[in-house]
Amino acid sequence: CDDTEAASYPGNTEICDGIDNDCANGVDDGLVFLDYYPDSDEDGFGDESAIAENSCSPVSGKVADNTDCDDTMDTVYPGAPEIINDGIDQDCDGSDQTLGIDDFNLNNVLIHPNPFSNKLSIQLPNEFINYKIDIELFDLIGRSIFRLHKTANDSKIVISNMDDLPSGIYLMKISINEFNKSTVKRIIKD
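Right, here's the structure in full:
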């Protein structure tokens, strides 16, 4: 059927090469064709807004999947771990996962060492990172004797230089005002 092409003759096996190898029913007949989509971020998921390239063999730089909602970020694809409250829909489910008021559990805040002498650490659950934290220390008659207001850049807040604080029992109130949540912990100064 094409005497200029050595791979084209009756009885030859049809392969995906753009030639009528078996001289029957046309070019690449009987082969499975799939749609291939660009995968710019190389995460294995193709761009959902791209136009497909139909081919009977894999296409370089493209995949047979078009479910990536942001093909510019390799951390964004269906089923990706969602980072809470970051404004990015990592798992392509249509929205960024957020935590509501009931999801925050301030009871998991740890204070150590307790008793302490001159400094103490406050260990926050990871979901509190990047939120404004209010820390206030009260004596047992309710007087506020120390206050700290800061954004938690990581899960650990260290308060040092507490040497001048008299020995005794204190109450520490830890609040996240954005969610109107707080907890009170009892601490002891040596």
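If you read the sequence shown in this note's numbering, its first letter stands for residue 12, the second for the next number, and so on.
Each residue gets a CB set at the ideal place from its N, CA and C atoms; glycine is no exception.
Problem - Reduced DSSP category for Ile112 - H, G, I as helix; E, B as strand; rest coil - result: Counting from 1 along the sequence shown, the entry for residue 112 is found at position 101. Below a pLDDT of 50, predicted positions are generally treated as unreliable, and Ile112, at 45, falls in that range; no measurement from the model is reported.
Problem - Cβ separation of Glu25 and Asp13, assumed to be a contact under 8 Å, to the nearest whole Å - result: By one-based count along the sequence shown, residue 25 stands at place 14. By one-based count along the sequence shown, residue 13 stands at place 2. Not a contact, Cβ separation roughly 13 Å.
Exercise for the section: Have a look at the DSSP bridge pairing and note the partners of Val74. Expected result: Your numbering for residue 74 matches position 63 in the sequence shown. Per DSSP, Tyr48.
Exercise for the section: Please state whether DSSP places Phe157 in a helix, a strand or coil. Expected result: Indexing the sequence shown from 1 puts residue 157 at position 146. In the structure shown, Phe157 sits in a strand (DSSP, three-state: E or B).
Exercise for the section: Decide yes or no for the touch test of the segment 93 to 110 against the segment 144 to 154: beta carbon pairs closer than 8 Å, at least 3 of them. Expected result: no
Practice task
Return the CA-CA distance between Gly22 and Asp82, expressed in angstroms with no decimal places.
Solution key: Translated into the one-based positions of the sequence shown, residue 22 becomes position 11. Translated into the one-based positions of the sequence shown, residue 82 becomes position 71. So the two alpha carbons sit approximately 44 Å from each other.
Exercise for the section: Check whether the segment 86 to 103 touches the segment 64 to 72, counting contact only when three or more Cβ pairs, one atom from each stretch, lie closer than 8 Å. Expected result: no
Practice task
Pick out whichever of Asp76, Leu159, Glu138, Pro136 has its Cα sitting closest to the Cα of Asp50.
Solution key: In the sequence shown, counting from the first residue as 1, residue 50 sits at position 39. Measuring from the Cα of Asp50, the nearest candidate turns out to be Asp76.
Handout entry: Glu16 versus Ile94 - alpha carbon distance
Key = The sequence position of residue 16 within the sequence shown is 5, counting from 1. The sequence position of residue 94 within the sequence shown is 83, counting from 1. Going by the C-alpha atoms only, they are around 56 Å apart.
Problem - DSSP three-state assignment for Glu189, whether helix, strand or coil - result: Numbered from 1 along the sequence shown, position 178 holds the residue referred to as residue 189. Residue state, collapsed to three classes: helix.
Practice task
Return the chain-ordered list of same chain residues with a C-beta closer than 8 Å to the C-beta of Ile122, the five sequence neighbours on each side being excluded.
Solution key: By one-based count along the sequence shown, residue 122 stands at place 111. Excluding residues within five positions, the ones whose Cβ falls inside 8 Å are Leu131, Ser132, Ile133, Gln134, Met183, Lys196, Ile198.
Problem - Stretch pair the segment 83 to 93 + the segment 155 to 163: three plus CB contacts closer than 8 Å - result: no
Exercise for the section: Determine the contact status of Asn129 and Asn172, defining contact as a CB-CB distance below 8 Å. Expected result: If you number the sequence shown from 1, residue 129 lands on position 118. If you number the sequence shown from 1, residue 172 lands on position 161. In this structure, Asn172 lies closer than 8 Å to Asn129 by Cβ.
Problem - Local conformation of Asn164 per DSSP, three classes - result: As a working note, residue 164 is residue 153 in the sequence shown. Asn164 falls in the coil class under three-state DSSP.
Problem - Under 8 Å between C-beta atoms of Phe139 and Ile187 - result: Numbered from 1 along the sequence shown, position 128 holds the residue referred to as residue 139. Numbered from 1 along the sequence shown, position 176 holds the residue referred to as residue 187. Against a cut-off of 8 Å, the Cβ pair of Ile187 and Phe139 comes out as a contact.
Exercise for the section: Measure the alpha-carbon distance for Phe190 versus Tyr142 and round it to whole angstroms. Expected result: Here residue 190 is taken as the residue at index 179 of the sequence shown, counted from 1. Here residue 142 is taken as the residue at index 131 of the sequence shown, counted from 1. Rounded to whole angstroms, Phe190 to Tyr142 spans 10 Å at the Cα level.
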